[in-house]
Amino acid sequence: MSKDISSLLQSQMQDAYKNKTPLQIRAGNSKHFYGYPKDGNLLDVSAHQGIISYEPTELVITARAGTRLAEIESTLNESKQMLAFEPPHFAATATLDNATLGGTIACNMSGPRRAYSGAARDFVLGCSIINGKAEKLKFGGQVMKNVAGYDASRLMCGAMGTLGVILDVSLKVLPKPETEITLRHQCDIHQAMDNMHQWVKQSLPVSATSYINSQLFIRLSGNHSSVTSAQQKIGGDVIDNAGNFWQQIKDQSHDFFKSDNPIWRLSLASNTPPLENLNGSTLYEWGGALRWLSTDEPAEKIREILNNAGGHATLFKNNKFKTPPFHQLSPGMLSIHKQVKQAFDPENILNPGCMYKEF
Amino acid sequence: MTEELLSPHMTSSINKQLLISRLEYILPADSVLHQPEDLHPYECDGLSAYRNLPLAVVLPDKITQVQAILKLCFELDVAVVARGAGTGLSGGALPLSDGILLSLAKFKNIIDIDPIQRVARVQPGVRNLAISEAVEQYDLYYAPDPSSQIACTIGGNVAENSGGVHCLKYGLTVHNIQQIKIITIEGELLTLGGSGLDSPGYDLLALLTGSEGMLGVIVEVTVKLLPKPESTQVILAAFDDLIKAGLAVGNIISAGIIPAGLEMMDKLTIKAAEDFVHAGYPTDAAAILLCELDGNKAEVAENISNVQTILDESGATDVRVAKDETERVTFWKGRKAAFPAVGRISPDYYCMDGTIPRKHLPQVLKAMADLSAEYNLPVANVFHAGDGNLHPLILYDANIPGELERTEEFGGKILELCVEVGGSITGEHGVGMEKINQMCVQFAALELTQFHAIKKAFDEKGLLNPGKAVPTLHRCAEFGAMHVHHGELSHPELERF
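Here the protein sequences come in this chain order: A and B. Quick note: the first sequence uses this note's numbering, first residue 1, plus one each step. Quick note: the second sequence uses this note's numbering, first residue 360, plus one each step.
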């Protein structure tokens, strides 16, 4: 289904700007749990749909923000291409799969391949947005290399709609690997971390890693000869139906995530030793650079430990105690954030307070 | 260039003596240059057609000194142009008459290398190639490799979001850095990015990358390092037609292969490069493609054979795989020496940097040939073919009156052509002073206004590299008028482009 409702969105935003009415931006609502709860009048982007252009030989796709990720991925699949950042859909079943391109970019959500191919922001080539003054703007383009003007398109990644409503996005896409295999090693976390670092250093075609319940899972992707020779080098049990496993990790339908405990997302240097002062269970991804922690430890303690480790902690899901979802910004950074917000949304009408209370 | 661009703050006259004495209070006297003979080495960057002297050049070597300098400039309303090695090709580091030039050249220490996490924390004045050299002992390297990598510094690379010949597979600077430290115009030290793969809040790391010194001064960079590929191979393919070579590029990518480098040269460049470095190029070819593949041995062997087949099927007249490392280096030598090689056959050349969606290559090449005939100026084409980044080199002679102006006009038309087909006026060299007018073609007033608002968020007084990268709407209005009148300039006394 293809439909351009940008004029409708713009006119709703003009009213909101004029009347200084806060808007909550929503497309598929698949990431409703992320950040502070939003209020304000609903700005529904979900009907703004459709792939605007896709040229496999150019490695570029452009689609409207409300386009379902599933539609994009199946279109790419027909030309044996993919979104290399492997975005999560957070859907229990295909019929409940409402994740959209706009939401994915707005939250800069990337999956298991992120540590080896790049994040959503790394594949953004350009976008159109409507800023908080209800002005339609276009940044970047459809070419891989473009350094004209400030990189406002990448700035939209992870800004959660607070700087502009994304209308459409152009992404770089990549060929799907010819073959993939997932191997399992039984080992302790220290051995697992050592392996994850060593294998990547050896130029092996690693495309995902995960460690949970004393098992290290490693996915190899590439052409046949490359994957086969890497498999011979590192050994381990071959996992059947590995696609399911990675999907469960990516979409958080794995048993690990089925807890009522707060689920913390810890981002830190990949070689940071296990954080032994924190109780709870941990699932490792991205070669150790991403750790999911299911725990009822107090937020202050978690954040202090992450501060000391040079990382940051996001309360991703099950925010029972109304804890600030995102890691605190330094006073200098907070002030620059407020000024950037002001530059795009002077009346503070776009998803106000959904990242930080201060803007 | 107009006077307005070179001294945007002319209204507030600056007390030079006061400024110098205050700077000398912050820095040792030999780190504050203000005599004309000391200033001349800094009068231009890699775009030497534009020259100008600053009020003073400062050479700090401590972050606290940079903070104090910027605080002082903020207090006295003095413009600041930051400079790395000065290899930039768009005049981004061109000094301003009533501003200071802040050289980061003394910041050349590699602070820390972490071979496990594969990152290196370096000062901004560290040369691009020096990073790869320092981490070679760990079999790692830093991927972005602009042609000037032997001289250019990482601080400048971040400010320009530099590319190189391996962008298609390994990305630009923005994809290969993890954290930077900047000093704001108010002297505050901010850390953008983090020690992990992401950081809380807005992606200011991306915003600062390529911001051409307009938002902050970069004082530290943490770069990501990659394992050196186990195997690297290069194929040279000759074509009797430039368009066929362009189609071959699409065919390689359609086959699911992402080469590490995919470069194209046209006849004029091939001939110049061959005469210069004797790389063994077929000088009768209309175009050659260099296709580099890297990865583990098994992968590269399989891909090389696939690419050979594709090139044959795409009508290549000659396909050669470098038989050893020496030949691989020789194949590249011609490409890497392409610019100086062209410099040997023409008194001067002007290097453009547009990008286009690759499918429009035939149309753009045709239009460029027509323009070349119209302006009676030859063009040599060097092309990062994989990612659509064109480097047309316009050959001219600056000693012939009016030829530089014609060249600049021709160059401007090429860039406008790139925008017309959905591309960009600059793929990797930046806007700087050079392409400031073409920004008016690339962006509409609303986008430019948004850029100015971003600038204001970081630099309310407009003191960091003012007048570069983002034109004022006033300037665009004037430039637009130039278009309407088909070259009948409203102020012919002013230098343009």
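From the three backbone atoms N, C-alpha and C, an ideal C-beta is built for every residue, glycine too.
Is the beta carbon of G515 (chain B) less than 9 Å from the beta carbon of R410 (chain B)? For the purposes of this step, residue 515 (chain B) is taken as residue 156 along the second sequence, with counting starting at 1. For the purposes of this step, residue 410 (chain B) is taken as residue 51 along the second sequence, with counting starting at 1. For the 9 Å CB-CB criterion, G515 (chain B) and R410 (chain B) do not form a contact.
Reduced DSSP secondary structure (H/G/I, E/B, other) of F359 (chain A): Residue mapping note: residue 359 (chain A) aligns to position 359 of the first sequence, counting from 1. Residue state, collapsed to three classes: coil.
Going by beta carbon distance, what residues of the same chain come within less than 7 Å of E852 (chain B), once the five residues before and after it are set aside? By one-based count along the second sequence, residue 852 (chain B) stands at place 493. With a pLDDT of 38 at E852 (chain B), under the threshold of 50, the predicted position of this residue should be treated as unreliable, though the coordinate-derived value follows. Excluding positions up to five away in sequence, the list is empty.
Look at P262 (chain A) and L315 (chain A) and say whether their C-beta atoms are less than 9 Å apart. For the purposes of this step, residue 262 (chain A) is identified with residue 262 of the first sequence, where counting begins at 1. For the purposes of this step, residue 315 (chain A) is identified with residue 315 of the first sequence, where counting begins at 1. Yes, these two residues count as a Cβ contact at 9 Å.
Is Q215 (chain A) closer than 9 Å to H254 (chain A) when the C-beta atoms are compared? Walking along the first sequence from the start, residue 254 (chain A) turns up at place 254. Walking along the first sequence from the start, residue 215 (chain A) turns up at place 215. Not a contact, by the Cβ cut-off of 9 Å.
Mind the definition here: the stretch 71 to 83 of chain A touches the stretch 164 to 184 of chain A only if three or more C-beta pairs lie below 8 Å; say whether that holds. Verdict: yes, contact present.
With H, G and I counted as helix, E and B as strand and the rest as coil, what does DSSP make of C835 (chain B)? As a first step, residue 835 (chain B) must be located in the second sequence, where it is residue number 476. Three-state DSSP puts C835 (chain B) in a helix.
If you draw a straight line from the alpha carbon of E775 (chain B) to that of Q537 (chain B), how long is it in whole angstroms? Residue numbering aside, residue 775 (chain B) sits at position 416 when the second sequence is read from its first letter. Residue numbering aside, residue 537 (chain B) sits at position 178 when the second sequence is read from its first letter. Near 34 Å, if we compare the C-alpha coordinates of Q537 (chain B) and E775 (chain B).
Would you say N748 (chain B) faces chain A, with C-beta separation under 9 Å as the test? Here residue 748 (chain B) is taken as the residue at index 389 of the second sequence, counted from 1. It does: the Cβ of N748 (chain B) has a partner Cβ on chain A nearer than 9 Å.
Interface flag, A63 (chain A) vs chain B, CB-CB below 9 Å: Within the first sequence, numbered from 1, the residue matching residue 63 (chain A) stands at position 63. No, A63 (chain A) lies away from the interface with chain B (no Cβ there is under 9 Å from its Cβ).
Between P352 (chain A) and the ligand FMN, is the CB less than 8 Å from at least one heavy atom? Annotation note on the ligand FMN: not contained in the displayed structure, which lists no ligands.
Every unbroken alpha helix (DSSP H) inside the stretch 321 to 349 of chain A [4 residues or more]: Complete alpha helix (DSSP H) runs here, min 4: 331 to 344.
Give the single residue among A:P88, A:Q342, A:A208 whose Cα lies nearest to the Cα of R219 (chain A). The sequence position of residue 219 (chain A) within the first sequence is 219, counting from 1. Each of A:P88, A:Q342, A:A208 was checked against the Cα of R219 (chain A), and the nearest Cα belongs to A:A208.
Pull out every residue of the stretch 654 to 680 of chain B whose Cβ sits closer than 9 Å to any Cβ of chain A, in chain order. Per Cβ criterion, the list reads G654, N655, K656, A657, E658, V659, A660, E661, N662, N665.
Roughly how many angstroms lie between the CA atoms of E768 (chain B) and K145 (chain A), to the nearest whole one? Taking the first residue of the second sequence as 1, we reach residue 768 (chain B) at position 409. Taking the first residue of the first sequence as 1, we reach residue 145 (chain A) at position 145. If I take the Cα positions, the gap works out to 23 Å.
CA-to-CA distance, A700 (chain B) to L461 (chain B), given in whole angstroms: Reading the second sequence from its first residue, position 102 is the one you call residue 461 (chain B). Reading the second sequence from its first residue, position 341 is the one you call residue 700 (chain B). L461 (chain B) and A700 (chain B): Cα-Cα distance of roughly 33 Å.
DSSP three-state label for F139 (chain A), please. Within the first sequence, the letter at position 139 stands for residue 139 (chain A). Reduced to three states, the DSSP call for F139 (chain A) is strand.
Of the residues B:S521, B:P760, B:R765, B:V723, the one placed nearest P751 (chain B), counting alpha carbons only: Here residue 751 (chain B) refers to the residue found at position 392 of the second sequence. Among B:S521, B:P760, B:R765, B:V723, the Cα nearest to that of P751 (chain B) is on B:V723.
Report the three-state DSSP secondary structure of Q667 (chain B) (helix, strand or coil). Position 308 of the second sequence holds residue 667 (chain B). DSSP places Q667 (chain B) within a helical segment (H, G or I) once states are collapsed to three.
Chain B contact for Y211 (chain A) (CB, 9 Å cutoff): Counting from one through the first sequence, the residue named residue 211 (chain A) turns up at place 211. The beta carbon of Y211 (chain A) sits no closer than 9 Å to any beta carbon of chain B.
Return helix, strand or coil for P851 (chain B), following the three-state DSSP convention. Here the question's residue 851 (chain B) lines up with position 492 in the second sequence. Low local confidence applies: a pLDDT of 39 at P851 (chain B) is under 50, so the model's placement there is unreliable, and no value is given.
In chain A, what lies closer than 7 Å to H534 (chain B) by C-beta? Taking the second sequence and counting its residues from 1, one reaches residue 534 (chain B) at position 175. Within 7 Å Cβ-Cβ: G118, D122.
Between the C-alpha atoms of G560 (chain B) and S267 (chain A), what's the straight-line distance to the nearest angstrom? As a working note, residue 560 (chain B) is residue 201 in the second sequence. As a working note, residue 267 (chain A) is residue 267 in the first sequence. Straight-line Cα distance between these residues: approximately 13 Å.
9 Å Cβ cutoff, E300 (chain A) in contact with chain B: If you number the first sequence from 1, residue 300 (chain A) lands on position 300. Answer no: the Cβ-Cβ gap between E300 (chain A) and chain B never drops below 9 Å.
Would you please verify whether the beta carbon of A479 (chain B) is less than 9 Å from any beta carbon of chain C? Going by chain labels, chain C is absent from the structure shown, which instead holds the protein chains A and B.
Counting Cβ pairs closer than 8 Å, one from the stretch 800 to 812 of chain B and one from the stretch 746 to 765 of chain B, do we hit at least three? No: the two stretches stay apart, fewer than three of their Cβ pairs being nearer than 8 Å.
Rounded C-alpha distance that separates T568 (chain B) from V533 (chain B): In the second sequence, residue 568 (chain B) corresponds to position 209, counting from 1. In the second sequence, residue 533 (chain B) corresponds to position 174, counting from 1. For T568 (chain B) and V533 (chain B), the distance between alpha carbons rounds to 6 Å.
Across which residues does DSSP place L776 (chain B) in a beta bridge pair? As a position in the second sequence, residue 776 (chain B) is number 417, starting the count at 1. None, per the DSSP bridge assignment.
Among B:L455, B:Q496, B:K465, B:R486, which residue has its Cα nearest to the Cα of D473 (chain B)? For the purposes of this step, residue 473 (chain B) is taken as residue 114 along the second sequence, with counting starting at 1. Its Cα nearest to that of D473 (chain B), the residue B:Q496 stands out among B:L455, B:Q496, B:K465, B:R486.
Every unbroken alpha helix (DSSP H) inside the stretch 66 to 131 of chain A [4 residues or more]: Within the stretch 66 to 131 of chain A, the complete alpha helix (DSSP H) runs of at least 4 residues are 69 to 78, 101 to 106, 114 to 117, 120 to 123.
I want to know whether the stretch 273 to 282 of chain A touches the stretch 290 to 297 of chain A - three or more CB-CB distances under 8 Å. Below 8 Å, enough C-beta pairs join the stretch 273 to 282 of chain A and the stretch 290 to 297 of chain A to call them touching: three or more.
For the stretch 716 to 745 of chain B, list every residue whose C-beta sits within 7 Å of some C-beta in chain A, in sequence order. Listed in sequence order: P716, R717, K718.
Return the chain-ordered ranges of every beta strand (DSSP E) run that is complete within the stretch 170 to 251 of chain A and spans a minimum of 3 residues. DSSP runs (the beta strand (DSSP E)) wholly in the stretch 170 to 251 of chain A: 179 to 186, 206 to 212, 215 to 222.
Under 7 Å Cβ to Cβ from S2 (chain A), same chain only, skipping five residues before and after it: list those, please. Here residue 2 (chain A) is taken as the residue at index 2 of the first sequence, counted from 1. Take S2 (chain A), set aside five residues on each side of it, and the residues of its chain with a beta-carbon closer than 7 Å to its own are Q49, G50, in chain order.
Interface flag, V517 (chain B) vs chain A, CB-CB below 9 Å: On the second sequence, position 158 is the one that residue 517 (chain B) refers to. Proximity of V517 (chain B) to chain A, defined by a Cβ-Cβ separation below 9 Å, is not satisfied.
Under 9 Å between C-beta atoms, does L290 (chain A) make it to chain B? The residue given as residue 290 (chain A) occupies position 290 in the first sequence. It does: the Cβ of L290 (chain A) has a partner Cβ on chain B nearer than 9 Å.
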